[in-house]
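Read left to right, the sequence shown gives residues 24 to 280 (the numbering used here).
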Amino acid sequence: MKKPSPMKEVTMRSDRVVVITGAAGGIGTPLTARFLENADTVIATDFGDEALGRLAERTGHHSALHTVAADLSGEPGVTRLAEYARDVAGRVDVIVNAAGYFPVQPYEEIGPESWRRVLDTNLTGPHLVAQALLPLMKQRGWGRVINFGSGSVFDGTRGQTSYVAAKAGIVGFTRSLARELGPYNITANVIAPGLTVTEQARDTFPEALLAAQRQARAIQRDQQPADLVGPVFFLASPDADFITGQTLNVDGGKFMP
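What follows is the structure, given as structure tokens:
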């Protein structure tokens with residue numbers, strides 16, 4: 024019987040080092056909790072110490088949770104994250120780019136600063152994070168990069184042109200990344216959720232829109248952050264060793280491309 028590779032043995036013992044961006048958000052919090060439950064070390068990053076403090080409270084001040092506040096839309100914050108990961112763990116096995124920003128704004132009212140902020144958060148940030156952390160992953164000969172896209176890429180969304188453009192970029196970026204990282208046994212994939220009912224979404228979208236989303240799905244209910252945990256956890260596991268460059272729609276059957 025063929026002996027598993029050293030990295031696969033490590034991964035199956037569930038002592039991975041997982042970096043999660045946007046970790047204190049509505050989607051990032053349950054993801055962080057799931058990896059901690061699996062005995063993984065989680066390096067959680069978000070904009071502010073206050074939000075990360077709430078994350079620590081919600082996950083029971085777990086000893087395997089390490090938090091670092093950083094703005095990942097630019098190089099200084101990403102450098103801070105990479106140095107922190109190197110100091111805390113010396114390696115990275117899984118990157119989950121869950122940070123996101125989705126303002127609603129008519130196209131003709133989008134100014135240069137607003138456009139840049141959306142693309143910096145949703146596209147440039149994941150690129151900078153992956154580029155900075157990959158040296159800590161490649162040295163292990165195994166890894167996962169999981170980026171968050173959006174179902175809005177498939178049909179466009181009125182009032183979110185900059186967001187849709189950024190998420191479409193994530194799909195292309197991830198496919199090319201998968202080609203480059205394959206020789207190192209590192210996979211790169213996209214999770215494309217539908218409109219997920221987080222606190223930010225409730226503050227942004229009217230109930231009528233949420234109701235329309237429910238009706239458009241094969242499974243006619245609100246999409247919850249918990250619906251994304253299992254798919255992300257699967258893509259981060261050894262069971263997904265031969266899946267790369269793919270976009271997994273997790274939207275209750277709204278889009279069936």
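Idealized CB from N, CA, C, for every residue including glycine.
Starting from residue i and walking both ways along the beta strand (DSSP E), at which residues does that stretch end?
i             : result
valine 117    : 117-120
alanine 92    : 88-92
aspartate 69  : 64-69
threonine 270 : 270-273
threonine 44  : 40-44
Just the C-alpha distance for residue i and residue j, rounded to the nearest angstrom, thanks.
i                 : j                 : result
phenylalanine 278 : leucine 156       : 32 Å
threonine 180     : leucine 200       : 26 Å
aspartate 274     : phenylalanine 171 : 13 Å
glutamine 128     : glycine 164       : 43 Å
asparagine 120    : serine 173        : 13 Å
phenylalanine 265 : leucine 271       : 14 Å
alanine 46        : valine 141        : 18 Å
phenylalanine 144 : alanine 234       : The question names phenylalanine, but residue 144 in the sequence shown is threonine. If I take the Cα positions, the gap works out to 28 Å.
threonine 34      : glutamate 60      : Legend: pLDDT at threonine 34 = 44, less than 50; position of this residue unreliable, no value from coordinates given.
arginine 77       : glycine 83        : 10 Å
glutamine 162     : glycine 192       : 27 Å
glycine 166       : glutamine 236     : 34 Å
phenylalanine 58  : proline 254       : 13 Å
glutamine 10      : alanine 188       : In the structure as shown, the chain starts at 24 and stops at 280, and residue 10 therefore has no counterpart that could be examined.
aspartate 110     : histidine 85      : 19 Å
leucine 258       : alanine 87        : 21 Å
threonine 184     : valine 194        : 16 Å
valine 223        : glycine 49        : The sequence given here has glutamine at residue 223, not valine. If you take the alpha carbons of glutamine 223 and glycine 49, they lie about 8 Å apart.
threonine 90      : leucine 75        : 7 Å
glutamate 136     : isoleucine 214    : 27 Å
arginine 139      : threonine 55      : 28 Å
Specify, as a first and last residue, the run of the alpha helix (DSSP H) that residue i falls within.
i                 : result
phenylalanine 256 : 252-258
threonine 227     : 222-227
threonine 82      : No alpha helix (DSSP H) contains threonine 82, which DSSP labels as neither H nor E.
glutamine 154     : 148-161
threonine 102     : 98-111
proline 280       : Looking at the DSSP string, proline 280 is not in any alpha helix (DSSP H), and its letter there is neither H nor E.
phenylalanine 58  : 51-60
proline 126       : Note, proline 126: premise wrong, no alpha helix (DSSP H); not H, not E.
arginine 139      : 135-142
For residue i, which of helix, strand or coil comes out of DSSP?
i              : result
asparagine 208 : coil
glycine 172    : coil
lysine 26      : Note that lysine 26 scores a pLDDT of 39, beneath 50, so its modelled location is shaky; the value from the coordinates is reported in the next line. Reduced to three states, the DSSP call for lysine 26 is coil.
leucine 189    : What sits at residue 189 in the sequence shown is alanine, not leucine. Three-state DSSP puts alanine 189 in a helix.
glutamine 246  : strand
glycine 166    : strand
threonine 197  : helix
alanine 215    : strand
valine 33      : Residue confidence is low: valine 33 scores 44 on pLDDT, short of 50, so the model does not pin down where it sits. Its coordinate-derived value is still stated next. Three-state DSSP puts valine 33 in a helix.
aspartate 262  : helix
alanine 241    : coil
leucine 95     : coil
glutamine 236  : helix
Chain C beta carbons: is any one of them nearer than 8 Å to that of residue i?
i           : result
glycine 268 : Given the protein chain composition of this structure (a single chain), no chain C is represented.
So, are the CB atoms of residue i and residue j less than 8 Å apart?
i              : j              : result
threonine 22   : asparagine 212 : With the chain covering only 24 through 280, there is no way to say anything about residue 22.
isoleucine 118 : valine 168     : yes
alanine 93     : threonine 68   : yes
glutamine 246  : glycine 217    : yes
leucine 95     : leucine 151    : yes
Inset, instruction - May I ask you to verify whether the segment 113-128 touches the segment 39-46, counting CB pairs closer than 8 Å and requiring at least 3? - result: yes
Legend entry - Segment contact, 8 Å Cβ cut-off, at least three pairs: the segment 201-209 with the segment 239-258: no
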